[in-house]
Each structure stands twice: as C-alpha cells, then as structure tokens.
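A quick write-up on the structure given underneath.
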Amino acid sequence: MKPASFRYFAPTTIDETLALLSEHGDEAKILAGGQSLVPTMNFRLAMPAILIDINRLGELSYVESRNGNLALGALTRQRTLERDTQIAQFAPLVAETMPFVAHPQIRNRGTVGGSLAHADPAAELPAVMIALDAKFKLSSRSAERWFEARDFFTGLFSTVLAPNELLSEIVLPPMPPRTGWAFREVARRHGDFALAGVACTITLDARNVCANARIVLLGLSGQPVDARNAAKLLIGVEPTIDAIRAASESVNGSIDPSSDIHASADFRRQLAKTLTQRALVQAVKRAKES
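So for the sequence shown, our numbering puts the first residue at 10; every next one is plus one.
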C-alpha cells in the first residue's frame, strides 16, 4: 500500500499556502494532521498531484479569547482541545467530546480544521460545532468567506470549501446562561467510528422552561443531522422526562441510517433515540445546576 506519486510543498506562511491553492486548485490537497488523508492516499482512494503540508504554519495553531468569543486556529491539535483550560471553561461540550475521538496518538496529530474539512459523517467535531453555533472562516488568495457550521457540510465527505480555499479559523460564541450540554455515542470498541452519536445543548429560563435547544446527530446520515424539529418540541415547555422522551422519539424523523456489517438501520434508529434521551437528561441537569 503506497500512495501514487505527487509533488510536495511545505509553505511557511498562509499567503504562500493560499498562492499554492490558487495555482493548483483541484490537483492539490492540504496535509495537516494526515490522520485521514494519508490512509486514503495509501489505499489510492485519494491521489492528489500536489500535497501542501501546512504543519509549519504556527500562526494557524491557537486558542484565543476574542471579542467575547473563542477563536481556534484550524491547525490546533485535537489533543489541545481536550486539555486546554479555556476550552473546558468556555466550550465544555468540546472538552467532553474529545476523549471519544479515536485514540490519544491520533488526537496528538489530528487537527480541528482537518476533521471539519474532511467531513466524515461519523466524526464527532462537525456535530459538536453545529450544536455550538460555530462559524468557520474560509480563506483564499482573493477573499475570505464566513459560514455557519450548519451550512458548511453539504453531503458525504463534502463541504462548501472551494478548491482554492483553506479553512483557517473556527469561532465559538459564548453559551447563554443556564445552558447545559452533553455528548453521547456508541462504538463497537472505544476509538472506533461511532455507530451513532449525539451532541446537544439546552438553555433554560428562570422558570426552568426551555428557551432554546439543539440536537445534532452523527453517524446516521451522509452528514451531521441538525434535528431541529425534535428540538422545537422542547422549546417553550419545561423539559420533563415525558417531554424529553417525545423529543428523543422524534429524532428518527430526521435521520436515514443504513445497515452494514456493524449494525442494522433499525438498531441505529434505536441508538439515536436512546442516546438523545440520555444526553438531554444530562444537559437539563447541567442547565439547572449552572
């Protein structure tokens, strides 16, 4: 298993990187952590003519508080998200999710931007970013574009990224007061891709009535599923166990799981309902405690 031949570039600045993308377009692939790209190249499922290694771009590796938000450089390692105290305080859903992502060795190399740009439907970070209403900055040589996380993913392993663009920054807004969060997933073995998973947030008002809720599922369709109709069932009511059960049962209307050697579609539907219920119960508990 060896990759096809390619030309290799290792730029040291963002400008140089964007110039290479502008020049080579569809022929080029960005190498960040390489945890997904290198295996696909070895199997020749991906055969880029140009490989642009951005690991020398230290300017894309950061966790910064900025104008009340938290900005993440796209080259920030997943292990940093797991351990950084700012992440734990500002976006605890991210910190809670990271131990589910593969194994420590993978997280040491894998990057937040790489995972999002790869857009694997079973990956955890895309679902979490949608649940947190994150925004993504897409940079090219001529301009920059901003996208809401919910609009970034367009299908199986596909996003709105143009061939000449680089996902350069992720911005997380603050969670409102009295917001709880939770992440749940099930995999055959710890570190394997999830059979199903869910990231959720819920915000309560002073009367413990749900003011806002997000339920985002992974591993159940060709892209993360923002189960808005299920979340709407909680808004405006007190999230009792009966209300949570109703919302959890409703998520099956938003997903289209497939059967494979790991699990049947029916089993995945049951997982989606059960995991959503457990996550919502935890999120409500945290919202009340906060």
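Think of the CB as a built atom: it goes at the ideal place given N, C-alpha and C, for glycine as much as any other residue.
TODO: Go ahead and label residue 246 buried or exposed: buried means 16 or more other beta carbons lie within 10 angstroms of its beta carbon, across all protein chains shown.
DONE: Against the sequence shown, residue 246 aligns to sequence position 237. Its Cβ having fewer than 16 others within 10 Å, residue 246 is exposed.
TODO: Could you give the DSSP three-state label for residue 220: helix, strand or coil?
DONE: As a position in the sequence shown, residue 220 is number 211, starting the count at 1. It is a strand residue.
Task: Boundaries of the alpha helix (DSSP H) in which residue 76 is found, first to last residue - done: Translated into positions along the sequence shown, residue 76 becomes position 67. It is not in any alpha helix (DSSP H) - residue 76 carries neither H nor E in the DSSP assignment.
- [ ] Over the uninterrupted alpha helix (DSSP H) stretch that includes residue 159, give me the two end residues.
- [x] The residue labelled residue 159 in the question sits at position 150 within the sequence shown. 158-161 is the extent of the alpha helix (DSSP H) around residue 159.
Open item on the list: Applying the 10 Å Cβ sphere with the 16-neighbour rule, what's the burial state of residue 138?
Closed with: Here residue 138 refers to the residue found at position 129 when the sequence shown is read from its first residue. The residue is buried, with at least 16 neighbouring Cβ atoms inside 10 Å.
- [ ] Would you tell me roughly how many angstroms separate the C-alpha atoms of residue 148 and residue 169, rounded to the nearest one?
- [x] Stepping through the sequence shown from its first residue, residue 148 is reached at position 139. Stepping through the sequence shown from its first residue, residue 169 is reached at position 160. Looking at the two C-alpha atoms, the distance is approximately 12 Å.
- [ ] Pick helix, strand or coil for residue 31, following the three-state DSSP scheme.
- [x] Your numbering for residue 31 matches position 22 in the sequence shown. In this structure, residue 31 counts as helix in the three-state DSSP scheme.
TODO: Taking 7 Å as the cut-off, decide whether the C-beta atoms of residue 121 and residue 85 are in contact.
DONE: The residue labelled residue 121 in the question sits at position 112 within the sequence shown. The residue labelled residue 85 in the question sits at position 76 within the sequence shown. Cβ distance < 7 Å, so residue 121 and residue 85 count as in contact.
Task: Where residue 150 sits in the DSSP three-state scheme - done: Here residue 150 refers to the residue found at position 141 of the sequence shown. Coil at residue 150, not helix or strand.
Task: Stretch pair the stretch 287-299 + the stretch 205-219: three plus CB contacts closer than 8 Å - done: yes
Open item on the list: Just to confirm my understanding: we take residue 27, look at its own chain, exclude 5 residues before and 5 after, and list those with CB closer than 8 Å. What are they?
Closed with: In the sequence shown, the residue the question calls residue 27 occupies position 18. Cβ neighbours of residue 27 beyond the five flanking positions: 148, 149, 150, 173 and 175.
Task: At least three beta-carbon pairs within less than 8 Å, the stretch 274-291 to the stretch 184-194 - done: yes
Open item on the list: Between the alpha carbons of residue 204 and residue 74, how many angstroms are there, rounded?
Closed with: Along the sequence shown, read from residue 1 onward, the residue named residue 204 stands at position 195. Along the sequence shown, read from residue 1 onward, the residue named residue 74 stands at position 65. Approximately 34 Å, taken between the alpha carbons.
Task: Euclidean distance between Cα positions of residue 267 and residue 229 - done: Start at 1 with the first residue of the sequence shown, and residue 267 comes out as number 258. Start at 1 with the first residue of the sequence shown, and residue 229 comes out as number 220. In this structure, the straight-line span from the alpha carbon of residue 267 to that of residue 229 is close to 7 Å.
Task: Same chain, Cβ closer than 8 Å to residue 225, neighbours up to 5 away in sequence not counted - done: Translated into the one-based positions of the sequence shown, residue 225 becomes position 216. Result list for residue 225: 136, 137, 139, 140, 207, 208, 209, 233, 234, 235 and 236, in chain order.
Open item on the list: In the DSSP output, which residue or residues are listed as bridge partners for residue 62?
Closed with: Here residue 62 refers to the residue found at position 53 when the sequence shown is read from its first residue. Residue 62 is bridged to 40.
- [ ] Can you say whether residue 133 is buried or exposed, counting buried as having 16 or more other CB atoms within 10 angstroms of its CB?
- [x] In the sequence shown, counting from the first residue as 1, residue 133 sits at position 124. The residue in question, residue 133, is buried, as its Cβ has 16 or more Cβ neighbours within 10 Å.
TODO: Kindly identify the DSSP beta-bridge partner or partners of residue 207.
DONE: By one-based count along the sequence shown, residue 207 stands at place 198. Its beta-bridge partners are 193 and 226.
- [ ] Please report the Cβ distance between residue 55 and residue 69, rounded to the nearest whole angstrom; I am assuming they are in contact, meaning their Cβ atoms lie under 8 Å.
- [x] Taking the sequence shown and counting its residues from 1, one reaches residue 55 at position 46. Taking the sequence shown and counting its residues from 1, one reaches residue 69 at position 60. 22 Å between Cβ atoms; not a contact.
Task: Whole-angstrom distance between residue 15 and residue 60, CA atom to CA atom - done: On the sequence shown, residue 60 is found 51 positions in, with the first residue counted as 1. On the sequence shown, residue 15 is found 6 positions in, with the first residue counted as 1. C-alpha separation (whole angstroms): 7 Å.
- [ ] Note down the Cα distance separating residue 167 from residue 52, rounded to an integer number of angstroms.
- [x] Here residue 167 is taken as the residue at index 158 of the sequence shown, counted from 1. Here residue 52 is taken as the residue at index 43 of the sequence shown, counted from 1. Each residue's Cα considered, the two are about 19 Å apart.
Open item on the list: Quick check on the DSSP output: the alpha helix (DSSP H) that includes residue 99 runs from which residue to which?
Closed with: Your numbering for residue 99 matches position 90 in the sequence shown. Residue 99 -> alpha helix (DSSP H) spans 94-99.
- [ ] To the nearest angstrom, report how far apart residue 48 and residue 274 are at their CA atoms.
- [x] Here residue 48 is taken as the residue at index 39 of the sequence shown, counted from 1. Here residue 274 is taken as the residue at index 265 of the sequence shown, counted from 1. Each residue's CA atom was taken as its position, placing residue 48 and residue 274 some 27 Å apart.
Task: Simplified DSSP state of residue 144, which is helix, strand or coil - done: Position 135 of the sequence shown, counted from the start, is the residue given in the question as residue 144. The answer is strand: DSSP assigns residue 144 an E or B state.
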